[in-house]
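Peer 1: All the letters of the sequence shown, read from the start, carry residue numbers 1 to 198 under UniProt numbering.
Yeah, the Cβ is synthetic: ideal placement off N, Cα and C, and Gly gets one too.
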Amino acid sequence: LCFMFLQGMHNHFGMLDNMMVNVRNRMEEMHRNFENMSTDSNSHSFSSSSVMTYSKVGSEPPKVFQAVSSTRRAPGGIKETHRAVKDSESGLQKMRIGHHIKDKGHIVEKKYNKKTGEKELSQDFQNMDESEAQSFDDEWQQELSRFQPSHPTSCLRQPPSRSGFQAALMGPEHSHGNQKKLEARGKDKTENSKKTSQ
């Protein structure tokens, strides 16, 4: 009976692992379909997908897998892609942002492994050299300026500058540090105003 119980538990764990793998594979395929999906180049479109799985067995830590993907398109072959994955089992956290104009693209990806502490920041250039990145980003912003909130047909948001584009992928510790600096500046201003009033 003990052997049968252990065998049953082993099969149960195997089913959970297979389910998690299948979900990851389906999400990867969904990401590729979104990025390769062809639409009318003269129209606006937005598509997004998200998935989350949660499993917990006994006293083991829960296994959580989250994935989010979105694609925005605007006339002129403009496209922006966002992709984020968080896997508690492997500790991997990954974010990928891509800016595209027709067949050219600039993609920035950041990976962070919470278990190992390893960080990686990489860039991918499609149909252009790295030396063309700045001019491409300038062209991207110029094209996107036609779809700002002042226009009724606005669909895409203004992208950050190249430095901001990469900073958007940095970890939360940077934003927390900036917030503390802002709070400190606010305190200094308050103290100075009190002294002036006295």
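Does the separation of the CB atoms of residue 200 and isoleucine 97 fall below 9 Å?
Peer 2: Absent from the structure is residue 200, since the part of the chain shown begins at 1 and ends at 198.
Peer 1: Please report how far the alpha carbon of leucine 144 lies from the alpha carbon of valine 57, in whole angstroms.
Peer 2: Locating residue 144 in the sequence shown gives position 144, counting from the first residue. Locating residue 57 in the sequence shown gives position 57, counting from the first residue. Distance between the alpha carbons of leucine 144 and valine 57: 48 Å.
Peer 1: Which residue from Ser55, Gln66, Tyr54, Lys94 puts its Cα closest to that of serine 122?
Peer 2: Here residue 122 refers to the residue found at position 122 of the sequence shown. Considering only alpha carbons, the answer is Lys94.
Peer 1: Return helix, strand or coil for serine 122, following the three-state DSSP convention.
Peer 2: The residue labelled residue 122 in the question sits at position 122 within the sequence shown. Three-state DSSP puts serine 122 in a strand.
Peer 1: Would you call the segment 129–147 and the segment 47–63 in contact, with 3 or more CB pairs under 8 Å?
Peer 2: Output reads no: the segment 47–63 does not touch the segment 129–147.
Peer 1: In three-state terms, what does DSSP make of serine 90?
Peer 2: One-based indexing of the sequence shown puts residue 90 at position 90. Three-state result, serine 90: coil.
Peer 1: May I ask which residues mark the beginning and end of the beta strand (DSSP E) holding glutamate 130?
Peer 2: Within the sequence shown, the letter at position 130 stands for residue 130. Where glutamate 130 is concerned, there is no enclosing beta strand (DSSP E), given that its DSSP letter is neither H nor E.
Peer 1: Are there 16 or more other CB atoms within 10 angstroms of the CB of tyrosine 54, so buried, or fewer, so exposed?
Peer 2: The residue you call residue 54 lines up with position 54 of the sequence shown. So tyrosine 54 ends up on the exposed side.
Peer 1: Alpha carbon to alpha carbon, what distance is there between glutamate 139 and residue 199?
Peer 2: Since the first residue of the chain shown is 1 and the last is 198, residue 199 is not available in this structure.
Peer 1: In chain order, what residues of the same chain lie with their CB nearer than 6 Å to the CB of methionine 52, ignoring the 5 residues before and after it?
Peer 2: What you label residue 52 is simply residue 52 of the sequence shown in a count that begins at 1. These residues qualify, in order along the chain: Gln66.
Peer 1: For aspartate 103, which residues in the same chain have their Cβ closer than 6 Å to its Cβ, ignoring the five residues on either side in sequence?
Peer 2: Locating residue 103 in the sequence shown gives position 103, counting from the first residue. Counting only Cβ-Cβ distances below 6 Å, and skipping sequence neighbours, we find Asn127.
Peer 1: Taking its Cβ as the centre, do 16 or more other Cβ atoms sit within 10 Å of serine 69, making it buried, or is it exposed?
Peer 2: Looking up residue 69 in the sequence shown gives position 69. It is buried - the Cβ of serine 69 has at least 16 other Cβ atoms within 10 Å.
Peer 1: Straight-line CA distance for aspartate 137 to glycine 91?
Peer 2: Locating residue 137 in the sequence shown gives position 137, counting from the first residue. Locating residue 91 in the sequence shown gives position 91, counting from the first residue. Cα-Cα distance, rounded: 32 Å.
Peer 1: Note the first and the last residue of the continuous beta strand (DSSP E) segment covering residue 225.
Peer 2: What the structure shows of the chain is the stretch from 1 to 198, and residue 225 is not part of that stretch, so it cannot be assessed.
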